[in-house]
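Below is one structure, written out as C-alpha cells; the observations come after it.
There are 2 protein chains.
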Amino acid sequence: MRKRVGPRRPTQVEIARRAGVSQATVSLVLNGTDGVPVSEQTRQRVHQAIEDLGYAVNPAARALRGMTVKTIGLYTFESVFPVDQRDFYYPFLLGVEEEAARLGYDLLLFTSANTARDGVYARGHNALLKADGCVLLGRHISRDDLANLVREDFPFVFIGRRTVDGAELSYVAPDYVAPTRGLVEELVALGHRRLLLLRQIDGAEPGEDRELGSRTGAQAAGLPAADLLVEFSSGAEDVTAERVSGWIRAGVTAVLVEPSEDNATGVALAEVTRAAGIRIPDDISVAFLGSAPAPTATRIWTSFELPRVEMGRAAVDLLVKLLDGVQDRPIQLLVPCTDVRGNSISRAPRAQVTPR
Amino acid sequence: MRKRVGPRRPTQVEIARRAGVSQATVSLVLNGTDGVPVSEQTRQRVHQAIEDLGYAVNPAARALRGMTVKTIGLYTFESVFPVDQRDFYYPFLLGVEEEAARLGYDLLLFTSANTARDGVYARGHNALLKADGCVLLGRHISRDDLANLVREDFPFVFIGRRTVDGAELSYVAPDYVAPTRGLVEELVALGHRRLLLLRQIDGAEPGEDRELGSRTGAQAAGLPAADLLVEFSSGAEDVTAERVSGWIRAGVTAVLVEPSEDNATGVALAEVTRAAGIRIPDDISVAFLGSAPAPTATRIWTSFELPRVEMGRAAVDLLVKLLDGVQDRPIQLLVPCTDVRGNSISRAPRAQVTPR
DNA sequence: GCGATCAACTGATACGTATTGAGGCGGCAG
DNA sequence: CTGCCGCCTCAATACGTATCAGTTGATCGC
Chain A
141 MRKRVGPRRP TQVEIARRAG VSQATVSLVL NGTDGVPVSE QTRQRVHQAI
191 EDLGYAVNPA ARALRGMTVK TIGLYTFESV FPVDQRDFYY PFLLGVEEEA
241 ARLGYDLLLF TSANTARDGV YARGHNALLK ADGCVLLGRH ISRDDLANLV
291 REDFPFVFIG RRTVDGAELS YVAPDYVAPT RGLVEELVAL GHRRLLLLRQ
341 IDGAEPGEDR ELGSRTGAQA AGLPAADLLV EFSSGAEDVT AERVSGWIRA
391 GVTAVLVEPS EDNATGVALA EVTRAAGIRI PDDISVAFLG SAPAPTATRI
441 WTSFELPRVE MGRAAVDLLV KLLDGVQDRP IQLLVPCTDV RGNSISRAPR
491 AQVTPR
Chain B
141 MRKRVGPRRP TQVEIARRAG VSQATVSLVL NGTDGVPVSE QTRQRVHQAI
191 EDLGYAVNPA ARALRGMTVK TIGLYTFESV FPVDQRDFYY PFLLGVEEEA
241 ARLGYDLLLF TSANTARDGV YARGHNALLK ADGCVLLGRH ISRDDLANLV
291 REDFPFVFIG RRTVDGAELS YVAPDYVAPT RGLVEELVAL GHRRLLLLRQ
341 IDGAEPGEDR ELGSRTGAQA AGLPAADLLV EFSSGAEDVT AERVSGWIRA
391 GVTAVLVEPS EDNATGVALA EVTRAAGIRI PDDISVAFLG SAPAPTATRI
441 WTSFELPRVE MGRAAVDLLV KLLDGVQDRP IQLLVPCTDV RGNSISRAPR
491 AQVTPR
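Line by line, the protein sequences are chains A and B. To convert a position in the first sequence, counted from 1, into the working numbering, add 140. To convert a position in the second sequence, counted from 1, into the working numbering, add 140.
Laid out in C-alpha cells, this is it:
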C-alpha cells in the first residue's frame, strides 16, 4: 500500500487549462454528453489537448464516482493452476476469458486469496470489490461468503449450482438430474436390479442433484427405493477392494459415481477393481455422473460431459447483463450435458440372489 | 460505464459514527498508524463496529489517494488462449500467477485490448492504469507503446528482451547468445562447414541475439563469416521443399531455426523434409535456437528450453521490487537456458564440393 | 420590444479514503 | 498558578472524475 511516486499523469484539469475550457467540459467530451451539447470546435480543441499531453483517464477516480471499470473478477475457491486440476478448470477459464474479451472486459484473477484459509472476506475486506462483478467457481465455496455477497448486493454469477437459504443467487449450472435419471432408467432396462450411488462427501448441491436424478429414474423405472443404495466417498483412500467386493456381495451390479475435480474416486475405483480382478462391465457396471477419468485404449467410461467452455461464456454473459441492468434479478441457467457412450456399462450379470 | 445501483456499502464514516469516533481514527486503526497513537479501547470499538456493519475498504478510494491496490497487470500482445499457443504461454502464466499469489497480489488479465489492432493505449486511455504495475509478454509488441510506458513512468517488466532508443526498461529475458554460440561451435566441431540461420522475419531482439550468438560462435570456431548464411521465414508457407533442397545444393549441412510461438516454421520444416525424403540429421542437421516442436517417438529435436515458469516468477519479483521502491531503476535480468540433447544433429555428411 | 426558448458552457459538489497539523486533556515540574 | 509535555483524537484537505443545476448570450415568436 505504498504511495506511487514519480511524475504525475495529466488530469482533466490540465487538459481543460490547455484547451481553454472547464474540466466539466473535458469530461463531457470524453463521455457521452447525455443531451448536453458541446460545439464541434470545443470538441476538437479538447481532443487536441488530450493528444498533446497524453492524457489517460484515471480508473480509480471513475470507480470512486460509482462507475463501472469494465473489469470482471474471477474467483476460484480452489487453486486453478495445479496440474491435476488444470484440465478440469481450464475450459471454464477459456470460456470466461473469451467472452470477457469479446464484451470488452478485462479479467481480474483473485489469486491472492484463493487458498482455503482465506475467504472472499480475507484481510477484513471484500477483495472482489476491485471488479465490477464476479464469476465464482469451485466446489468448496463457503456458503457464508455467498450469503454475504448476496446481502451486499454484489453482482456475481456462480458456475455450478448452489443455493443459499433466503437468498436468490445467479448461477450457470449443468443439469445433472435429467441425464442421471436417464442413465438409471437405462441401467434398469439392462436388467440391473440393485444400484449404488457413490456420492462425494461434501454434500453439495451437485451431489443432491445426482441423488434426485437417481431416485427419480429409479421410480420411473419401477425400481424399489430400497434398491438404490447411497454411499459416500471422501476421495481415493476409502475406495478399497473390500468395499467394492462388499457391494457385489450385496447384489449391486452397477455403480454410479459422482466425480470430483481430480476424479480421485474414479481413478481409485478403476485401479482397485483391476487389481482385484473385478471386471468392468462384466462383473459390475460403472458410470460417471459427470466427467470421467481420461479414456484409454480399451476403456471409455460411460459418463456425461458438461459444456465447460460454453458455461464460462454463459456466466460472463449473464454477469454482464446483471451489470448493465438488462437483467435486474438473479437468474439461474441450466445447461444440458452430452452423453458419453462408453464401454463401462452392460447388461446385468446373470441373476443373483438379492438378499432382502 | 453505467452507475452501480443497489444498497450502498458502509463507509468509514458510518463505522466512525457507530464507534463514536471520527473517520480519521477509523482509517488510523485500519492502516498502520505510523507513530500516531490510538488507545486500545478505541481500537476495540472500531473493530467491533467494522464487524457489526460488515465494512470493506473501498479500493477505488484508496487508489485515488495514490495508494497501490495490490494488483499486477498481465498484458499479452498476442492472445494467450488459442490452443496452438497455449503451451507456449501457459508456463509463463503459471509462474506469474504463482508468484503474484505468493506476494499477495491479484492478477489482472488485459483481455479486452490484447488484439493486434488495439494497443496499450486503445480507446484513448492507458488500460494498464487499472493495475499497480504490469508484466508484458509477447513478441509483437509495439515499440511505441513501450516507449510511452517508459515516458509515463509506468512500472512494468517485459518478459523477453526488448530495447527502446533512449529509454531503459526492465526485462527478464533468456540468454540466447551463449547457447547459440555453443551450438554453432559444436556443429563446426562435427565437421559442418556451411550453416544456415533461419530467422523470424519480425526482426525483434531475440532474433538479433541468435544471430549475434551464431556469428560469435562461427568466429570462435574459425568458420568464415561467409559460410554462415542468414535467411528469414515468415511462417509455414515459405518453407518449401525447393527451398530446403536449395540449401543443400548450396552446401548447407546444418540449419539453425529461430522458433516462433506456434513453431510453424519448425513444424513445416519437419513436414517438408519428410515429404521430400530429406533425412534429418543424415542429410541435414537441424537445431532449434529455443523451444522445439514436441518430441515424438523417433525424434527429439536438439534445442534449448527457456525456464518459462521461473521467468514468470522472476518478472513478478522484479516488478514488485520496482513497486516497493526496493529497486528504483530499470534492471535487466538474463536467465540461462538448458540444452536439450536431441537426435536432430550429427556429424556433417561426407564432404561435398562447397561452391565458392 | 420583451419574455421565452435554446445552445454552449461552467461552478460546485460528492464519491471514500489517507494524512497531517492542530487541539484537548491530564499530569508534573517550577 | 503557569508552562510544558505526552498522549490521544479530530477537522480539514486532496486525490480525479461525473453530473447537475445554473449562467450566459443569442435567437425567436408575436
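Yeah, the Cβ is synthetic: ideal placement off N, Cα and C, and Gly gets one too. The structure presented is a predicted model; accordingly, all values stated were derived computationally and were not measured.
State the beta-bridge partners of residue i as determined by DSSP.
i: serine 373 of chain A; result: A:Gln340
i: aspartate 246 of chain B; result: B:Thr211
i: threonine 478 of chain B; result: B:Glu445
i: glycine 273 of chain A; result: A:Ile212
i: leucine 473 of chain A; result: A:Val312
Helix, strand or coil for residue i, going by three-state DSSP, please let me know.
i: alanine 256 of chain B; result: Bear in mind that a pLDDT of 42 at alanine 256 of chain B, under 50, signals an unreliable position, so the number given afterwards is only what the model happens to contain. Three-state DSSP puts alanine 256 of chain B in coil, outside helix and strand.
i: proline 346 of chain A; result: helix
i: leucine 429 of chain B; result: coil
i: glutamine 152 of chain B; result: helix
i: tyrosine 499 of chain A; result: This structure leaves residue 499 of chain A out entirely; chain A is present only between 141 and 496.
i: valine 392 of chain B; result: coil
i: serine 443 of chain B; result: strand
i: threonine 216 of chain A; result: strand
i: leucine 462 of chain A; result: helix
i: glutamine 467 of chain B; result: coil
i: leucine 352 of chain A; result: helix
i: alanine 307 of chain A; result: strand
i: leucine 268 of chain A; result: helix
i: leucine 409 of chain A; result: helix
i: valine 384 of chain B; result: helix
i: valine 236 of chain A; result: helix
i: valine 456 of chain B; result: helix
i: leucine 368 of chain A; result: strand
i: valine 297 of chain A; result: strand
i: valine 161 of chain A; result: coil
i: arginine 397 of chain A; result: Checking the sequence shown, residue 397 of chain A turns out to be valine, not arginine. Here valine 397 of chain A sits in strand by DSSP.
i: valine 379 of chain A; result: coil
i: aspartate 402 of chain A; result: coil
i: aspartate 284 of chain A; result: helix
i: leucine 289 of chain A; result: helix
i: arginine 279 of chain B; result: coil
i: arginine 419 of chain B; result: coil
i: arginine 302 of chain A; result: coil
i: arginine 414 of chain B; result: helix
With 16 other CB atoms within 10 Å as the buried threshold, where does residue i fall?
i: valine 176 of chain A; result: exposed
i: threonine 393 of chain A; result: buried
i: histidine 332 of chain B; result: buried
i: alanine 339 of chain B; result: Looking at the sequence itself, residue 339 of chain B is arginine, so the reference to alanine does not match. Under this definition arginine 339 of chain B is a buried residue.
i: valine 236 of chain A; result: buried
i: glutamate 351 of chain B; result: buried
i: proline 364 of chain A; result: exposed
i: serine 310 of chain A; result: buried
i: alanine 256 of chain B; result: Its pLDDT being 42, under 50, alanine 256 of chain B is placed unreliably in this model, and the value from its coordinates should be taken loosely. Per the 10 Å Cβ criterion, exposed.
i: glycine 329 of chain B; result: One detail in the question is off: residue 329 of chain B reads as alanine in this sequence, not glycine. Answer is exposed; the Cβ neighbour count stays below 16.
i: aspartate 246 of chain B; result: buried
i: serine 162 of chain A; result: exposed
i: glycine 194 of chain B; result: exposed
i: leucine 206 of chain A; result: Strictly speaking, residue 206 of chain A in this sequence is glycine, with leucine absent from that position. Label assigned to glycine 206 of chain A: exposed.
i: glutamine 181 of chain A; result: exposed
i: arginine 448 of chain A; result: buried
i: serine 373 of chain A; result: buried
i: asparagine 171 of chain B; result: exposed
i: alanine 437 of chain A; result: exposed
i: threonine 380 of chain A; result: exposed
i: glutamate 382 of chain A; result: exposed
i: valine 178 of chain B; result: exposed
Assuming residue i and residue j are in contact, meaning their beta carbons sit under 8 angstroms apart, how far apart are those beta carbons, in whole angstroms?
i: threonine 478 of chain B; j: phenylalanine 428 of chain B; result: Contact flag wrong, Cβ pair sits at about 13 angstroms.
i: valine 475 of chain B; j: valine 275 of chain B; result: Going by Cβ atoms, the distance from valine 475 of chain B to valine 275 of chain B rounds to 15 angstroms, so no, they are not a contact pair.
i: arginine 279 of chain B; j: aspartate 342 of chain B; result: 7 angstroms
i: asparagine 483 of chain A; j: arginine 439 of chain A; result: 7 angstroms
i: arginine 183 of chain B; j: valine 169 of chain B; result: 5 angstroms
>> Please give the ranges of any beta strand (DSSP E) in the stretch 309-335 of chain B, keeping only runs that are unbroken, at least 3 residues long and fully inside the region.
In response: Secondary structure in the stretch 309-335 of chain B: the beta strand (DSSP E) runs of 3 residues or longer, each lying completely within the stretch, are 310-314 in chain order.
>> In chain order, what are the residue ranges of uninterrupted alpha helix (DSSP H) at least 4 long that sit wholly in the stretch 167-207 of chain A?
In response: Correct list: 180-193 and 199-204.
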